[in-house]
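Data first, discussion second: the structure below is written as structure tokens.
Residue numbers (this note's numbering): 58 to 417.
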């Protein structure tokens, strides 16, 4: 019996597998396909990402440096409201290679990471969890004291263990223009219903275009309008679900959720890489596979780290649905040099940012 079985080897799953293995636990991790594929997530992240990968990985992962964002209430020809810093705010990275790097870190720490292994059944019991795993050789049964469900927004672990669903699921799409662009600003368009569209320069890797919207909206049509407005042809179209709003509970008797499976994402952007890995670190610090009671400690720990940011993120997102004239007024008043952190809405009230506002 393993101490931990990890279902899903995205950033949150790989991070937890690494940290648990480093603590001396016997860890097995299953990825249903090849780690990092298919791509279903943007690679625009805060510079905090470098705290989670080996120092020499930055050369391979970094594609571009970003210093700010231009917000638009309309399309690319509409007025732009810039928000910027004098130092880099964020980086654009190779998203597929990030997953592979994090999985390699887990392997090097001692975790048994198995690709092309699909967990098809999860049976949570009082003394452990039994997983049925399908692979090229057939099926096998794996037992673990605890299971970390890191299997994304439509998590099988969450459903089969009867854990509550996220508050909302958005539909996100993205694709790429291969022409290089080393611009240092992203463009954000408040044109998608209840969310936004984006353009991200990726250096030699080209340009990423994307948007997200609630289910039922024709996101493909909205995406075509975006790229037509920019006059570009894109390739490598990707589509995926974006969970927003963590449920009231993300653990069972011997199962706990991490990352997108727990909707540990930013409500105002949909990004979840850093939030998921933050929660993974909380789990690695608090969960004892021999003591199911520690799952409550994990629940408390990750909410202590992220709940204020998520709550403020919901308030920020409400601005996306304000009438156009109100959006323009707010953007005009707030645009300029900023002192905020892209993962932490609470930094809007930081001394650094308030000084920038007062100094205008």
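Idealized CB from N, CA, C, for every residue including glycine.
DSSP beta-bridge partners of residue i
i	result
residue 232	266
residue 244	127 and 256
residue 101	149
residue 140	126 and 393
residue 227	299
residue 191	175 and 196
residue 238	260
residue 90	Looking at the DSSP assignment, residue 90 forms no beta bridge with any residue, so it has no partner.
residue 181	186
Residue interval of the beta strand (DSSP E) (run including residue i)
i	result
residue 86	84-87
residue 62	59-64
residue 292	292-301
residue 386	It is not in any beta strand (DSSP E) - residue 386 instead sits in the alpha helix (DSSP H) that spans 381-391.
residue 203	195-206
residue 313	312-314
Whole-angstrom C-beta distance between residue j and residue i, which should lie under 8 angstroms
i	j	result
residue 97	residue 156	About 11 angstroms separates the two Cβ atoms, so there is no contact after all.
residue 106	residue 331	7 angstroms
residue 289	residue 123	Not quite, the Cβ-Cβ distance comes to about 19 angstroms (not below 8 angstroms), so this is no contact.
residue 210	residue 300	4 angstroms
Straight-line Cα distance separating residue j from residue i
i	j	result
residue 148	residue 84	31 angstroms
residue 238	residue 256	11 angstroms
residue 205	residue 351	13 angstroms
residue 308	residue 334	17 angstroms
residue 117	residue 214	33 angstroms
residue 92	residue 68	10 angstroms
residue 235	residue 343	44 angstroms
residue 318	residue 224	12 angstroms
residue 259	residue 282	21 angstroms
residue 369	residue 297	24 angstroms
residue 99	residue 196	33 angstroms
residue 81	residue 114	25 angstroms
residue 261	residue 158	21 angstroms
Opening and closing residue of the alpha helix (DSSP H) in which residue i lies
i	result
residue 406	From DSSP, residue 406 is part of no alpha helix (DSSP H); its letter is neither H nor E.
residue 214	213-217
residue 370	351-375
residue 280	276-287
residue 333	330-343
residue 73	68-79
residue 116	115-118
Quick check: the stretch 157-176 against the stretch 61-80, are at least 3 beta-carbon pairs closer than 8 angstroms?
At 8 angstroms Cβ cutoff, the stretches touch.
Does the structure place the stretch 390-406 close enough to the stretch 366-374 that three or more beta carbon pairs sit under 8 angstroms?
Contact between the stretch 366-374 and the stretch 390-406 is present, with at least three C-beta pairs closer than 8 angstroms.
Taking 8 angstroms as the cut-off, does the stretch 192-202 touch the stretch 228-243 (at least 3 CB pairs, one atom from each stretch)?
Put simply, the stretch 228-243 does not touch the stretch 192-202. Fewer than three CB pairs are less than 8 angstroms apart.
For the structure I just gave you, are there three or more beta carbon pairs, one from the stretch 196-216 and one from the stretch 241-254, closer than 8 angstroms?
Judged by Cβ distances under 8 angstroms, the stretch 196-216 makes no contact with the stretch 241-254, as fewer than three pairs qualify.
Would you call the stretch 130-139 and the stretch 171-183 touching, i.e. three or more CB-CB distances under 8 angstroms?
Remark: fewer than three beta-carbon pairs, one from each stretch, lie closer than 8 angstroms, so the stretch 130-139 and the stretch 171-183 are not flagged as touching.
Three or more C-beta pairs below 8 angstroms linking the stretch 139-147 and the stretch 382-400
Counting Cβ pairs under 8 angstroms, three or more are found: they touch.
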